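Asks: One line per chain: the protein sequences are A and B, in this order.
Offset between the first sequence (1-based) and my numbering: plus 44.
Offset between the second sequence (1-based) and my numbering: plus 44.
There are 2 protein chains.
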Amino acid sequence: MTPPASHSDPSGPDHLSAAFQALADPTRRAILERLAEGPAPAGELGDGFDISGPAISRHLKVLEDAGMIRREKKAQQRICHLDPAALKRASDWVDRYRRFWDEKLDALEAFLKTSPSNGTSSRPGRTRPKTSKK
Amino acid sequence: MTPPASHSDPSGPDHLSAAFQALADPTRRAILERLAEGPAPAGELGDGFDISGPAISRHLKVLEDAGMIRREKKAQQRICHLDPAALKRASDWVDRYRRFWDEKLDALEAFLKTSPSNGTSSRPGRTRPKTSKK
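Below, the structure written as structure tokens:
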């Protein structure tokens, strides 16, 4: 058993919950998608969204608290950067279960190969994800 | 621009938000981890958690509403199964950003190889992610 992670452990369950909570909103995901293209001033991140400036600020705060973005003061602007660490932790957790559906699909493939009478049931070309673990 | 996804679109943003929301709780993640090992009676899923039966039932309802588990009635029991589809959607979304940090690390590796004199510099060069917009 691993000991319960404390709040100071950035990979602990509370941080993971905060990361998933941050992702549980389409506006916040859209902001992350925008920031994946490059840093942007906080004031511009609301462009294209039909919500108020204060609402955008609250979303940015949730993303910042979850460790998903950093805000940097530059002259009169606050520049937002994507911080991939929290996103990577969320990805790592979900990725452990990738095996689960891969194995289910592999079992189906094996079944179809050994049972030619079932061979007409065609699955779309399936590729194993090439996720490089670093 | 893609049209806004309706509630009937299982890959739409609302379902994705529900999936991430379901993952934003350590008890629910632990239940999914348990079910990744195989189906289990709902009544046994609370074992090992220091929370009430009704609280476990509420967590199961959140997971079911998010499409992450299925409950099947068998004799007197309700057997819970992991349904990998919702988890896979969440994984697919996060995975698009895996490229983001992979490229950062690849850029660092390339930089260190071509610049032996800069081998001690530990900041990766920033690269633009190639995010595929759907």
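Beta carbons are placed, not taken as given, at the ideal position from N, Cα and C, and that holds for glycine.
Just so you know, these numbers come straight off a predicted model, no measurement behind them.
Give the C-beta separation of A/A62 and A/D109 to the nearest angstrom, bearing in mind that I take them to be a contact with Cβ-Cβ under 8 angstroms.
Replies: Indeed they touch by this definition, with Cβ atoms about 7 angstroms apart.
Asks: Quick one: residues in its chain with C-beta nearer than 6 angstroms to the C-beta of B/A130, no 5 flanking neighbours on either side, listed in chain order?
Replies: A63, A110, G111 and M112
Asks: Could you spell out the range, first to last residue, of the beta strand (DSSP E) harbouring A/R140?
Replies: Run containing A/R140: none; DSSP gives neither H nor E here.
Asks: Contact criterion: CB-CB distance below 8 angstroms. Does B/S176 meet it with respect to chain A?
Replies: Because B/S176 carries a pLDDT of 44, less than 50, the predicted location of this residue cannot be relied on, and no value is offered for it.
Asks: By the three-class DSSP mapping on this structure, what secondary structure does A/I95 have?
Replies: coil
Asks: Using a Cβ-Cβ distance under 8 angstroms, would A/P47 count as near chain B?
Replies: Note that A/P47 has pLDDT 39, beneath the 50 cutoff, so the model's placement of it is unreliable and the number below is only indicative. Output row for A/P47: interface = no.
Asks: Residues of chain A with CB under 7 angstroms from B/V138, in chain order?
Replies: Listed by position along chain A, the residues whose Cβ is nearer than 7 angstroms to that of B/V138 are L131, A134, S135 and V138.
Asks: What in chain A is Cβ-close to B/D91, meaning under 8 angstroms?
Replies: In chain order: nothing, as chain A lies at least about 15 angstroms away.
Asks: Give a yes or no on whether the minimum CB-CB distance between B/A99 and chain A is below 8 angstroms.
Replies: no
Asks: Where do the ends of the alpha helix (DSSP H) carrying A/L79 lie?
Replies: P70 to A80
Asks: I want to verify the contact list: residues of chain B whose CB lies under 7 angstroms from the CB of A/F64, in sequence order.
Replies: F64, L67 and A68
Asks: Establish whether the CB of A/A154 and some CB of chain B are separated by less than 8 angstroms.
Replies: no
Asks: What does the Cβ neighbour count give for A/P154, buried or exposed, with the cut at 16 atoms within 10 Å?
Replies: In the sequence on display, residue 154 of chain A carries Ala and not Pro. By the neighbour-count rule (16 or more Cβ atoms within 10 Å), A/A154 is not buried but exposed.
Asks: Spatial neighbours of A/R114 within its chain, please: CB distance less than 6 angstroms, with the 5 preceding and 5 following residues excluded, ordered by chain position.
Replies: H125 and D127
Asks: Which partner residues of B/L126 appear in the DSSP bridge assignment?
Replies: B/I113
Asks: Return the Cβ separation of B/R23 and B/P85 in integer angstroms, given the expectation that the two are a contact with Cβ distance under 8 angstroms.
Replies: As displayed, chain B neither begins before 45 nor continues past 178, which places residue 23 of chain B out of reach and without an answer.
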